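Novice: The structure under discussion is supplied below as structure tokens; questions concerning it will follow.
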Amino acid sequence: MARGTARSEKLFLLFSCLFMFFLLPAAKGECSAFSTVPKGHWAYSDIEYLKAKGLLDPGDPSGAESFTDRGEAASALSKSLSGFDAANATAEEKENLRRLLAYFEPELRAVGLAFPASAKPVRASKPGLKTRFEMAGLVSRALESVDREKADKEDVERLQRLGTEYRNELAVWGAPVEELEDRVDVLESGMGGWHFSGSMRFDGNYYRAGAVGSEGYGIYTDVSGRNEDFRFSRMRLNMRKRVDDRTTFYGRLEKDPGSGNNAVTLEHAYVDVAFPGNWSLLAGRWQTDWQGEDELYFGDDPFLTNRTLTGFLFRNDRGMGRFSAYISQQDESADQEESLEAGMRYRLDLNERFWISLNAIHREPEDRSRQQVMWAAAGLRLNQDWSVRAAVYRQDTVDATPVAFQAILEGRQSERGLTSFWLEFLSFDKGFEMWNRGFQDYGTFMGWYDGKTGHATAPVGDYFDNVLFVRLDQKWDEKISTFQRYVLALSRGAGENAMNFTVGLRYRYTPGLSFTLSYDKVEEAYGEALDDHLIQLRTELNF
């Protein structure tokens, strides 16, 4: 009799389970919420990462596998039972549902789901197994709590991946599905969409166009005798497309200021790829500015870097240390020869106040000897307002190996201060070359490299031996600011010193739009005793 009773109980238990599995209507979701997540699934590592960062609370401090609020989970589970596709469910999915029912049994009873005494679900012997339903509960909590404005880029990317992976399971939870999807959409806003930004500078210029010898070139223009023009000194449209969590495309359309037919070129076009171990790669046409990263120049006054290159650039970020290396093939253009170029850099932030960097660039132009430059730079922040920086450069132009020394003192305008302050001194040997328009911000020609104009150029060290640069800025309120700028190049020989100074008034009409009225004056440029000036009204938009 006992044997018959035991057999009857087993048959009743089996019948009850089969009734639960096979009499429930079919689900409409693409993925069952109850299927097991394989141990090797990427979601495990992402969830562990978010736990370690404190963005995901595992729940029960006692160590039990309470991944989310058990009451909410049980309520959502009871609602989802009507959507379980029992007819098409696999044996594994049925077993996972059985585990879930056992796991949330007390809460399910509390919300009214009764279990026959003889049909009580058997608890899983492997409590470590996790279902997609439980994973989605973790993701739901993270989406509710994370501050997306302050979270790191990598944190948001991981949440985005998890939100996309468990989108169907998130609909099972008690929170409104639309609200959860809105959160996921916010996290996904950087994925797959185009983002645009840009800047425009339109200048109205009035100047006295002088001449350099018999060439007929003015200091501010290549047209002798012309005394005004309207032109774009900058017009850029930046494009960015996030292809996936490891790949981003960047592009920039730019108007060539020296073009007479308003030509627009694709100045930048490259892909930024993230690799394991904090490595990344830029491939295409990109811009490198190592002097700018070390704050070794002000505004638009670099003299070596901040140049567009075509090739491959590798980077590795190890917290306090950052390594970069590139190789580039430059095509011949109006302002440069065809050349092969390679560079390497390492910067180390020893603490929040002190950093050092080592840099090297090697160029081999097609029709002239190699050019090399190596420099070491360091910076120290004295306090929140004042900092000092210095660099030592060594060039190798085959004909000479000139050395240069640079020192910068910077002070920021504080609440009681009158002005922000930038004092820079650059000393160099004969033969030292500038690869950019160093200290010639307003289009002036002071005797060294000046970009795409037709002036004859020569190494700055052949004419001068020291440059003093001073920049002062005063912010009077949120709308109005003024500035003064002074450049003094000391002649190497018996010639006159070249001088350039600027004063300006800026009115910021909106946060992105400003108008600047400035006066710029040059004296003794190129050793020709020239005295020229410029009055400029600049309209500048950044968006």
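All you need for our numbering is the position in the sequence shown, starting with 1, plus 743.
Backbone N, C-alpha and C fix where the C-beta goes; we use that ideal spot for every residue, glycine too.
Please read all numbers here as calculations on a predicted model, not as lab measurements.
For R1228, which beta-bridge partners are listed by DSSP?
Specialist: The partner list for R1228 (beta bridge, DSSP) reads R1214 and T1245.
Novice: By a C-beta neighbour count over all protein chains shown, 10 Å radius and 16 as the cutoff for buried, is L1169 buried or exposed?
Specialist: Buried, by the Cβ-count rule.
Novice: Give every residue of the same chain whose Cβ lies closer than 6 Å to the Cβ of Q1149, excluding the five residues on either side of it in the sequence, and list them in chain order.
Specialist: Excluding sequence neighbours, Q1149 sits near A1134 and L1169.
Novice: Going by the DSSP bridge assignment, what does P1108 pair with across the sheet?
Specialist: Answer is S1082, bridged to P1108.
Novice: Look at V1116 and F1182 and say whether their C-beta atoms are less than 8 Å apart.
Specialist: Contact: no.
Novice: List the residues that DSSP assigns as beta-bridge partners of R977.
Specialist: According to DSSP, which records beta bridges pairwise, R977 is partnered with R944.
Novice: Taking C-alpha atoms, which residue in N1209, K1173, F1212 and F1041 lies nearest to P1202?
Specialist: Here the closest residue by C-alpha is K1173.
Novice: Quick check on D1275: buried or exposed, where buried means 16 or more other Cβ atoms within 10 Å of its Cβ?
Specialist: Buried is the call here.
Novice: Could you give the residue range of the beta strand (DSSP E) that holds S1130?
Specialist: From DSSP, the beta strand (DSSP E) with S1130 extends over W1129 to D1139.
Novice: If you compare alpha carbons, which of R904, A795 and E1176 is closest to F1207?
Specialist: Of R904, A795 and E1176, the residue nearest in Cα terms is E1176.
Novice: K794 lies in the beta strand (DSSP E); which residues open and close that run?
Specialist: First-last for K794: W785 to A795, but that is the alpha helix (DSSP H), not the beta strand (DSSP E).
Novice: Between E958 and the rest of its own chain, which residues show a CB-CB distance below 7 Å, the 5 nearest in sequence each way excluded?
Specialist: Bear in mind that the predicted position of E958 carries a pLDDT of just 48, short of 50, making it unreliable; the figure below should be weighed with that in mind. So the list is empty, once near-sequence residues are dropped.
Novice: Hey, T1282 and G1247: beta-carbon distance below 8 Å or not?
Specialist: Contact: no.
Novice: Looking at the C-beta of L902, does it have a partner C-beta in chain C at a distance below 8 Å?
Specialist: No chain C appears in the structure shown, which is made up of a single protein chain.
Novice: When burial is assigned at 16 or more other CB atoms within 10 Å of the CB, is M978 buried or exposed?
Specialist: Label assigned to M978: buried.
Novice: Taking T1031 as the reference, which of N1179, G1236 and Q1156 has the closest Cα?
Specialist: Nearest option by C-alpha distance: N1179.
Novice: Can you tell me whether M1063 is buried or exposed, with buried defined as 16 or more other CB within 10 angstroms of its CB?
Specialist: Exposed: under 16 other Cβ atoms inside 10 Å.
Novice: Quickly, what does DSSP pair G1154 with across the bridge? List them, please.
Specialist: G1154 is bridged to W1129 and F1164.
Novice: For D1015 versus T991, is the C-beta spacing smaller than 8 Å?
Specialist: Contact: yes.
Novice: On the DSSP letters alone, give me the boundaries of the beta strand (DSSP E) that E997 sits inside.
Specialist: Its beta strand (DSSP E) spans residues T990 to K998.
Novice: My understanding is that Q1279 touches D946, with C-beta atoms under 8 Å, so please give their C-beta distance in whole angstroms.
Specialist: Indeed, because the Cβ distance is near 6 Å, the residues count as touching under 8 Å.
Novice: What do you get for Y1252, buried or exposed, if any count of 16 or more other CB atoms within 10 angstroms of its CB means buried?
Specialist: Y1252 should be labelled exposed.
Novice: Helix or strand or just coil, what does DSSP make of D1220?
Specialist: In this structure, D1220 counts as coil in the three-state DSSP scheme.
Novice: Near D1092, what residues of its chain come up, given a Cβ to Cβ distance below 6 Å and the 5 sequence neighbours on each side ignored?
Specialist: Result list for D1092: M1063 and W1098, in chain order.
Novice: Which stretch, first to last residue, makes up the alpha helix (DSSP H) that contains E1036?
Specialist: Here the alpha helix (DSSP H) through E1036 covers W1033 to E1036.
Novice: Just the Cα atoms here: how many angstroms apart are S976 and G1086?
Specialist: Distance between the alpha carbons of S976 and G1086: 29 Å.
Novice: Check whether the region 1151–1158 touches the region 1012–1028, taking contact to mean three or more Cβ pairs, one atom from each stretch, closer than 8 Å.
Specialist: No, they do not touch.
Novice: Just how far apart, CA to CA, sit A879 and Y909?
Specialist: Roughly 6 Å between the two C-alpha positions.
Novice: What do you reckon, are the CB atoms on D1037 and A1120 nearer than 8 Å?
Specialist: The answer is yes: Cβ separation under 8 Å.
Novice: My assumption, with CB atoms under 8 Å, is that A1241 sits in contact with E1267. Please give the rounded CB distance.
Specialist: Contact holds; Cβ gap of about 5 Å.
Novice: Which stretch, first to last residue, makes up the beta strand (DSSP E) that contains Y909?
Specialist: Looking at the DSSP string, Y909 is not in any beta strand (DSSP E), and its letter there is neither H nor E.
Novice: Looking at A1012 and G994, is the spacing between their C-beta atoms short of 8 Å?
Specialist: Yes, they are a contact pair.
Novice: Here's a check: name, in chain order, each residue in its chain whose Cβ is nearer than 8 Å to the Cβ of D1184, leaving out the five neighbours to either side.
Specialist: Closer than 8 Å at the Cβ level, and outside the excluded window around D1184, lie G1042, D1043, D1044, R1228 and T1245.
Novice: Going by DSSP, name the residue or residues bridged to A711.
Specialist: What is shown of the chain runs 744 to 1286, which leaves residue 711 out entirely.
Novice: Excluding five sequence neighbours on each side, which residues of the same chain lie with their C-beta closer than 6 Å to the C-beta of D1139?
Specialist: Answer for D1139: Q1115, listed in chain order.
Novice: Give the DSSP bridge partners of F939, in chain order.
Specialist: Note: F939 sits in a beta bridge opposite M982.
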